[in-house]
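According to my numbering, the sequence shown holds residues 1477 to 1561 in order. Backbone N, C-alpha and C fix where the C-beta goes; we use that ideal spot for every residue, glycine too. One structure below.
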Amino acid sequence: MNMDKDLKQTKKEVKILLLGWLAFASWVLIYCGLAAYNQDQESIRITFGMPSWVFWGIAIPWIFSIIFTIFFSLFVMKDIDYEEK
1477 MNMDKDLKQT
1487 KKEVKILLLG
1497 WLAFASWVLI
1507 YCGLAAYNQD
1517 QESIRITFGM
1527 PSWVFWGIAI
1537 PWIFSIIFTI
1547 FFSLFVMKDI
1557 DYEEK
């Protein structure tokens, strides 16, 4: 039966997405928590017009998560046509 193959593919996709989400969420929460609250207001470093912790803790993970999503949707995710079954 082809449903077993489809179910395995779906489970694989869900696992990859959850691991990706967990990795990026951990990056944002841990880095921002450590970098933002351990600075003096007088010594805030600026990167591209924003505080460095915002750039490295929010902007960069967003960019990498967009790249991850594009890669996942183009090369990992498979279209399953249930109307033919």
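Practice problem: Flag this pair as touching only if the region 1484–1491 and the region 1515–1533 have three or more C-beta atom pairs under 8 Å; answer yes or no. | Solution: no
Quiz item: Given that a residue counts as buried once 16 or more other Cβ atoms are within 10 Å of its Cβ, and exposed if not, what is residue 1533?
Solution: buried
Quiz item: Where does residue 1479 fall in DSSP's three states?
Solution: helix
Quiz item: Near residue 1523, what residues of its chain come up, given a Cβ to Cβ distance below 6 Å and the 5 sequence neighbours on each side ignored?
Solution: 1531
Quiz item: Taking only beta-carbon atoms, is residue 1507 less than 8 Å away from chain C?
Solution: Of the protein chains in the structure, only one exists, and it is not chain C.
Quiz prompt | Rounded C-alpha distance that separates residue 1521 from residue 1555 | solution = 46 Å
Quiz item: Per DSSP, what kind of secondary structure is residue 1520 in: helix, strand or coil?
Solution: coil
Quiz item: When you compare each of 1519, 1499, 1559 to residue 1423 by their alpha carbons, which one comes out closest?
Solution: Residue 1423 is absent from the model: the chain starts at 1477 and stops at 1561.
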